[in-house]
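Asker: Once you've had a glance at the structure underneath, I'll fire off some questions.
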Amino acid sequence: MRSWKIVLGMCLVSGLAQAQAPIERLKATQSDPAALRSAIDAGKKVTFFCANCHGEDGVSKLPEVPNLAGQNPAYLLEQIRKFGSGERKDAFMQGLIKVLKDEERIQAAAYYASMPVPPTKADAALVPKGKELFSKLCVRCHGDKAHGNDAIARLAGQKLPYLQTTITRYRDQTGIRNNQLMAIATSTLKNDDITAIAHYLTQLP
Ligand code: HEC
Ligand code: HEC
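In this note's numbering, the protein residues as written are 12 to 216.
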């Protein structure tokens, strides 16, 4: 009699865990060091295929492919959700991400977030202008080190061409990246401004 109650209780608890949104499960994982460690280990295996483009440690060798290393895990999870729902467009990523279960998405996000991202070389002549524009238009959301926060992307150390392409897409409202805050924040930027900001951001540690 008692064991039935325990089994029933366990079913209810695991049912609740299933029903919890991935973002809540990520937070629970982050607050438990042992669970986080095993999610990171599992994430390394889950992402073996992703490494073809995003690099083994999440540092991409392809200019148009973003680094995932050092990125905020909640932001990664949200972008994976957006590819899955079609709110963010990329033919390859949209197809690929559908095969990942919620648990694997959380593990991938935890793994990449745990890896360091190195700053890269930039044109030093463009950096001061980029810094000035960033301080004026971007810092209040992305933070003074461009490390972002839970909901907002880290930009420091990101790939230069990816930054340029992405900022331009938000400004031009092409429908590939959809975010109202970013469309507004970038609306006044000229192409030269975008280039300067990208050079500033890519060399930040
Ligand atoms: C064939 C190359 C390729 C493979 C393999 C690949 N990706 Fe991507 N991924 C891309 C490209 C290209 C983008 C950028 C798309 C864009 O321009 O918005 C991207 C973007 C992302 C982003 C958004 C990053 C950001 O800064 O917004 C995440 C998260 C991501 N990929 C996760 C994964 C995961 C997890 C896997 C493995 C399951 C994977 N990718 C496999 C090419 C790839
Ligand atoms: C009001 C808050 C806000 C401001 C101001 C802002 N951003 Fe963002 N930014 C966001 C949010 C939220 C996202 C995630 C949007 C999404 O899901 O596509 C984002 C995403 C980005 C990304 C995509 C990162 C990636 O990994 O794909 C880039 C690049 C970016 N912002 C650059 C900038 C620049 C440059 C400025 C200043 C000109 C700026 N942002 C100002 C909120 C802001």
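C-beta atoms are modelled at their ideal positions from N, C-alpha and C, and glycine is treated no differently.
Quick caveat, the model's predicted, so the values are computed rather than measured.
Tell me whether ASN213 sits in a helix, a strand or coil according to DSSP, three-state version.
Answerer: Mapped onto the sequence shown, residue 213 falls at position 202. For clarity, residue 213 is Thr in the given sequence; the question names Asn instead. In this structure, THR213 counts as helix in the three-state DSSP scheme.
Asker: Taking just the CA atoms, how far does GLN31 sit from ASN202?
Answerer: Looking up residue 202 in the sequence shown gives position 191. Looking up residue 31 in the sequence shown gives position 20. Taking the straight line from one Cα to the other gives about 43 Å.
Asker: For CYS22, which residues in the same chain have their Cβ closer than 6 Å to its Cβ, ignoring the five residues on either side in sequence?
Answerer: Numbered from its first residue, the sequence shown carries residue 22 at position 11. Per-residue confidence for CYS22 stands at a pLDDT of 49, beneath the threshold of 50, marking its modelled position as unreliable; no derived number is given.
Asker: Output the boundary residues of the alpha helix (DSSP H) element that contains ILE178.
Answerer: Residue 178 sits at position 167 when you count from the first residue of the sequence shown. That run of the alpha helix (DSSP H) goes 171-183.
Asker: Check whether the Cβ of ASN63 lies closer than 6 Å to any heavy atom of ligand 2, and answer yes or no.
Answerer: Locating residue 63 in the sequence shown gives position 52, counting from the first residue. False, no ligand heavy atom lies under 6 Å from that Cβ.
Asker: Would you report the Cα separation of ASP155 and LYS109, rounded to the nearest angstrom?
Answerer: By one-based count along the sequence shown, residue 155 stands at place 144. By one-based count along the sequence shown, residue 109 stands at place 98. C-alpha separation (whole angstroms): 35 Å.
Asker: Name the two residues that bound the continuous alpha helix (DSSP H) containing ASP134.
Answerer: Here the question's residue 134 lines up with position 123 in the sequence shown. ASP134 -> no alpha helix (DSSP H), and no H or E assigned at all.
Asker: In the DSSP assignment, find the unbroken alpha helix (DSSP H) run with PHE103 in it and report its ends.
Answerer: For the purposes of this step, residue 103 is taken as residue 92 along the sequence shown, with counting starting at 1. Segment 102-108, the alpha helix (DSSP H) holding PHE103.
Asker: State yes or no: is the C-beta of ASP133 within less than 7 Å of the C-beta of THR213?
Answerer: Working through the sequence shown from its first residue, we reach residue 133 at position 122. Working through the sequence shown from its first residue, we reach residue 213 at position 202. What sits at residue 133 in the sequence shown is Ala, not Asp. In contact: ALA133 and THR213 (Cβ atoms closer than 7 Å).
Asker: Output the distance between the C-alpha atoms of THR177 and ARG188, rounded to the nearest integer angstrom.
Answerer: Position 166 of the sequence shown, counted from the first residue, corresponds to residue 177. Position 177 of the sequence shown, counted from the first residue, corresponds to residue 188. If you take the alpha carbons of THR177 and ARG188, they lie about 8 Å apart.
Asker: Less than 7 Å between the C-beta atoms of LEU166 and ALA120, yes or no?
Answerer: Translated into positions along the sequence shown, residue 166 becomes position 155. Translated into positions along the sequence shown, residue 120 becomes position 109. Contact flag unset, no.
Asker: Can you give me the C-alpha to C-alpha distance between MET193 and LEU144, rounded to a whole angstrom?
Answerer: Taking the sequence shown and counting its residues from 1, one reaches residue 193 at position 182. Taking the sequence shown and counting its residues from 1, one reaches residue 144 at position 133. Distance between the alpha carbons of MET193 and LEU144: 14 Å.
Asker: Could you give the distance in angstroms between the alpha-carbon of VAL138 and the alpha-carbon of SER49?
Answerer: Taking the first residue of the sequence shown as 1, we reach residue 138 at position 127. Taking the first residue of the sequence shown as 1, we reach residue 49 at position 38. For VAL138 and SER49, the distance between alpha carbons rounds to 40 Å.
Asker: What does the Cβ neighbour count give for GLY106, buried or exposed, with the cut at 16 atoms within 10 Å?
Answerer: Your numbering for residue 106 matches position 95 in the sequence shown. Exposed: under 16 other Cβ atoms inside 10 Å.
Asker: Once the 5 residues before and after PRO228 are set aside, which same chain residues still bring their CB inside 8 Å of it?
Answerer: Within the shown structure, residues of the chain are numbered from 12 to 216, placing residue 228 beyond reach of any answer.
Asker: Quick check: does the Cβ of THR185 come within less than 6 Å of any heavy atom belonging to ligand 2?
Answerer: For this step, residue 185 is matched to residue 174 along the sequence shown. No, Cβ of THR185 sits at least 6 Å from all heavy atoms of ligand 2.
Asker: If you follow the alpha helix (DSSP H) that ILE34 is part of, which residue opens it and which one closes it?
Answerer: By 1-based counting over the sequence shown, the position of residue 34 is 23. From DSSP, the alpha helix (DSSP H) with ILE34 extends over 33-41.
Asker: Report yes if the CB atom of ALA62 is closer than 7 Å to the CB atom of VAL70, and no otherwise.
Answerer: To locate residue 62, count along the sequence shown from 1; it is residue 51. To locate residue 70, count along the sequence shown from 1; it is residue 59. Contact: no.
Asker: Give the DSSP-derived three-state secondary structure of LYS72 in the structure shown.
Answerer: On the sequence shown, position 61 is the one that residue 72 refers to. Three-state DSSP puts LYS72 in coil, outside helix and strand.
Asker: So does ILE91 have its beta carbon nearer than 6 Å to some heavy atom of ligand 2?
Answerer: By one-based count along the sequence shown, residue 91 stands at place 80. No.
Asker: Could you check how far apart the C-beta atoms of ILE205 and GLN175 are, in whole angstroms? I think they sit under 8 Å.
Answerer: Counting from 1 along the sequence shown, the entry for residue 205 is found at position 194. Counting from 1 along the sequence shown, the entry for residue 175 is found at position 164. That pair is a contact at about 6 Å.
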